[in-house]
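**Q** In my numbering, the protein residues as written are 4 to 411.
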Ligand code: MG
């Protein structure tokens, strides 16, 4: 069996997804998501100019050797661009492998460990009252777990994950359009004074059963993160996400010494080498990698297995920039992983997206049920794809009130 061709498509409804289609001499094709948020065309070029010419003629069933070839074969290993490109290829090759076996992908990992996988939605509010309404909306929709992000009184701009506008809380997604980033102003003191009490009031209102998650989005220093974690301990959070910037694998030691709040981190990690010390030293409770960003199924499965040895559960990243192909790869891993924790889930919810990526995966009452179709269980409509073109986007940047650049 040989790979005969591969094509890259950039575009999608609202989000410029990078979709890879790998063709074989047996008529079976595989699909993968290689979208690197805000740098989409770079990954596409990396695939087209460097990786695809080396894929043609290879046996697509040799997923391990092809992964090693692209990872070790590049003198400068790793990094977000290369790993998202390798991730897209690897996902497409596993799609082919499972289609050849005529099995849903999770069967190749070891079958199902659960029927449905718990997900969490994003509740958001320009203020606490708005956020309470948003949480109530998600609870009414059947969600058992909700991430809560709140506007902070006195903060000069909206903080991470919240709208400036009152009432804008149903499936709110931050607008990243345009090549020039928006600027958010951040004030750690205001956040530290306000947010622990807001979380306590949310717990009081919604009772003990709701799983409450909160994302600090890398804004705190290690000592501040330890203080914050101590302050929110009575809230009994399901997790506290990205309390500190992720590069420093020692940063969470101080938090661990001062609190038992579960810590989730890793949505910007590209390889096992970004999180092996965090996992082995048991400094985290949930690993947040995404299949695309962390080099595909071959590599993420290795991370999941290492995590399992250290009581670390999965909580794969599920931002809107991951196409339904990446989310399908997560759904198959979530069905199998013995150390599954939770899945981030945003309702892409447009008929355009469903038309571009037809799929039988379904979400119901806060749980995702994996499709039993062979492979990833998601198709790609090239005629639909022709409707979309590339539009650049950018994450906001964060500054302190004196102008100092801070962590988004
Ligand atoms: Mg996050």
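Glycine residues also receive a C-beta, built at the ideal position from the N, C-alpha and C atoms.
Using a Cβ-Cβ cutoff of less than 8 Å, which residues in the same chain neighbour residue 7 once the five nearest sequence positions on both sides are dropped?
**A** Answer for residue 7: 26, 27, 28 and 59, listed in chain order.
**Q** Ignoring anything shorter than 4 residues or poking outside the stretch 171-224, list the alpha helix (DSSP H) runs there in chain order.
**A** The qualifying runs are 191-209.
**Q** Report yes if the C-beta of residue 167 is less than 6 Å from at least one heavy atom of the ligand MG; otherwise report no.
**A** It does not: the Cβ of residue 167 is nowhere closer than 6 Å to a heavy atom of the ligand MG.
**Q** Evaluate residue 398 with the Cβ neighbour count: other Cβ atoms within 10 Å of its Cβ, from every protein chain shown; 16 or more gives buried, anything less gives exposed.
**A** The residue in question, residue 398, is exposed, as its Cβ has fewer than 16 Cβ neighbours within 10 Å.
**Q** In this structure, what does DSSP give as the bridge partners for residue 260?
**A** Looking at the DSSP assignment, residue 260 forms no beta bridge with any residue, so it has no partner.
**Q** When the Cα atoms are used, what is the spatial distance from residue 246 to residue 189?
**A** Each residue's Cα considered, the two are about 15 Å apart.
**Q** Since residue 356 is in the alpha helix (DSSP H), which residue starts that stretch and which ends it?
**A** Taken as a continuous stretch (DSSP letters only), the alpha helix (DSSP H) holding residue 356 covers 354-359.
**Q** With respect to 6 Å, is the separation between the Cβ of residue 218 and the closest non-hydrogen atom of the ligand MG below this value?
**A** Checking the Cβ of residue 218 against the ligand MG gives yes.
**Q** Going by the C-beta, is residue 270 closer than 6 Å to any heavy atom of the ligand MG?
**A** True, at least one ligand heavy atom lies under 6 Å from that Cβ.
**Q** Check whether the Cβ atoms of residue 87 and residue 393 sit closer than 7 Å, and answer yes or no.
**A** Against a cut-off of 7 Å, the Cβ pair of residue 393 and residue 87 comes out as no contact.
**Q** Under DSSP, the alpha helix (DSSP H) around residue 133 begins and ends at which residues?
**A** Note, residue 133: alpha helix (DSSP H), 131-143.
**Q** Closer than 6 Å: is that where the CB of residue 244 sits relative to any heavy atom of the ligand MG?
**A** Because some heavy atom of the ligand MG lies under 6 Å away, the Cβ of residue 244 counts as near it: yes.
**Q** Note down the Cα distance separating residue 241 from residue 5, rounded to an integer number of angstroms.
**A** Answer to the nearest angstrom: the Cα atoms are 46 Å apart.
**Q** By the 10 Å Cβ neighbour count, where 16 or more other Cβ atoms means buried, how is residue 43 classified, buried or exposed?
**A** Burial call: buried.
**Q** What's the C-alpha gap between residue 67 and residue 99?
**A** Those two C-alpha atoms are separated by around 14 Å.
**Q** For a quick check, are the C-beta atoms of residue 252 and residue 281 less than 7 Å apart?
**A** Yes; because the gap between Cβ atoms is below 7 Å, this pair is in contact.
**Q** According to DSSP, residue 244 sits in a beta bridge with which residue or residues?
**A** Residue 244 is bridged to 218 and 267.
**Q** Rounding to the nearest angstrom, what Cα-Cα distance links residue 219 and residue 96 in this structure?
**A** Approximately 36 Å, taken between the alpha carbons.
**Q** How many angstroms separate the CA atom of residue 115 from the CA atom of residue 342?
**A** In a straight line, the C-alpha of residue 115 is about 12 Å away from that of residue 342.
**Q** Would DSSP call residue 278 helix, strand or coil?
**A** Looking at residue 278 - three-state DSSP - the assignment turns out to be coil, as it is neither helix nor strand.
**Q** Report yes or no: do three or more beta-carbon pairs, one from the stretch 171-186 and one from the stretch 225-241, lie closer than 8 Å?
**A** Touching, no, given that fewer than three Cβ pairs across the two stretches are closer than 8 Å.
**Q** Would you decide whether residue 408 is buried or exposed? Buried here means 16 or more other CB atoms lie within 10 Å of its CB.
**A** Residue 408 should be labelled exposed.
**Q** I'd like the list of long-range same chain contacts for residue 365, defined as Cβ closer than 6 Å, with 5 residues on each side in sequence excluded.
**A** For residue 365, where only same-chain residues beyond five positions count, the Cβ hits under 6 Å are 372.
**Q** Determine, using beta carbons only, whether residue 102 and residue 148 come nearer to each other than 7 Å.
**A** Taking 7 Å as the Cβ cut-off, residue 102 and residue 148 do not qualify as a contacting pair.
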